[in-house]
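Inspection log for the structure reproduced underneath, given as structure tokens.
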Amino acid sequence: MTAAGQPRLGLIAGEGELAASVAKRASALGKEIIVVSLTDTLDPSVKDVASKIYHVDLRDAASIATILAREGVTEAVMIGKVWRADGFRRRRVAQAVEAVTVGRRCRTDVQILLGFAENLRQAGIALVSQLRYLDDALVQEGVMGRRIPTPAEWGDVEFGALVARAATEAGIGQAVAVRDRAVVAVEAAEGTDAMIRRAGRLASGCVVVKVSWPGQDERFDLPVVGPGTIEAMKKARAKVLACEAGRTIMVRKRDVVASADEAGIAVVGVSRTGMRGGAA
């Protein structure tokens, strides 16, 4: 806490708008925001509510715990895109995390993130759920816009969820594009929006399904969609966006739904199985 008793929140920020959303919500709840930025493109509006901003190269990730501990931070949240498309940086991060967490091997993304969280814990800092300050951005179950998927599209949602679950279990990605129960594209390192654009070059009328990782740790890498997702779907002439309810963060939810309505795209929140009404 500060001398005035205001609790400090460490915001470990990657790319995208979510860092600003977390900062504003936490500030409104009485937190003093100490930012550690891992990107050169930090959302400018973060500066409006942050007390201090540190810029750290991701390859020096081990220094983050030192910085936050020195600032008296005991709780932190990590949000935004970080390294997935950059294999070299990812390896350097793994090496940095291994160096400060003796005996921990960091080979997968999850192992690296768990090692990073352990590094923070050893410094007296708890890495908390991304949803603590983003609960209002969570996708809820049901049809979110004006258009309801057709029976055939609902069938593709269920099929797409099956494929997406297999992709997450294999550690590949969280999203897929399908059409007529055929796989058009699977998300890998490029991210969901790029995957949608790739799918659009292969087929129009796709259904896009996005789910969480198995055993999803809410502290990092929750599935995220936003205005850019709908823009990609418009260009790809995709028809339905189905997201796992209770797990997917939707950036600027109202704007997403309004844009989808205008384009005739159905947006729905479904269970992890892709079933409506939470059916298994």
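The numbering used here numbers the first residue of the sequence shown as 1109 and each following residue consecutively.
Every residue, glycine too, gets a C-beta built ideally from N, C-alpha and C.
Note that the structure is predicted; figures quoted are calculated from it, not measured.
S1145 is bridged by DSSP to A1121 and H1163. Cβ contact annotation for A1350 (same chain, cutoff 6 Å, sequence separation greater than five): V1265, V1317, V1376 and V1378, in chain order. Taken through DSSP and simplified to helix, strand or coil, L1221 comes out as helix. For L1349, the uninterrupted beta strand (DSSP E) segment begins and ends at V1348 to E1352. The shortest CA-to-CA distance from Q1238 to any of A1158, A1128 and R1362 is the one to A1128. Straight-line spacing of the CA atoms in R1362 and L1166 works out to 33 Å. The shortest CA-to-CA distance from A1121 to any of T1356, P1152 and L1146 is the one to L1146. Annotated as distal: A1245 and M1341, with beta-carbon spacing of 8 Å or more. A straight line joining the alpha-carbon of I1175 with that of R1240 spans about 22 Å. Ranked by how close their Cα comes to the Cα of I1161, the residues D1168, L1150, A1170 and A1169 have L1150 in first place.
Given a length threshold of 3 residues, each whole run of the beta strand (DSSP E) inside the segment 1308-1360 is given here in chain order: 1315-1318 and 1348-1352.
With at least 16 other beta carbons inside 10 angstroms of its own, P1257 counts as buried. The Cβ-Cβ distance between I1338 and A1368 falls below 8 Å. The C-beta distance from A1158 to I1172 rounds to 15 Å, too long to meet the 8 Å contact threshold.
According to the DSSP assignment, A1290 belongs to the beta strand (DSSP E) that extends over A1290 to V1294.
Each of R1116, V1181 and T1276 was checked against the Cα of S1135, and the nearest Cα belongs to R1116. Counting C-beta pairs with one atom in each stretch, the segment 1216-1227 and the segment 1321-1331 have three or more that are closer than 8 Å, which means they touch. Per DSSP, V1236 lies in no alpha helix (DSSP H) and is assigned neither H nor E. Rounded to whole angstroms, the gap between the alpha carbons of L1137 and A1170 is 29 Å. In terms of Cα proximity to R1229, the closest of A1290, R1255, V1286 and R1327 is R1327. At a Cβ-Cβ threshold of 8 Å, G1281 and E1295 count as neighbours.
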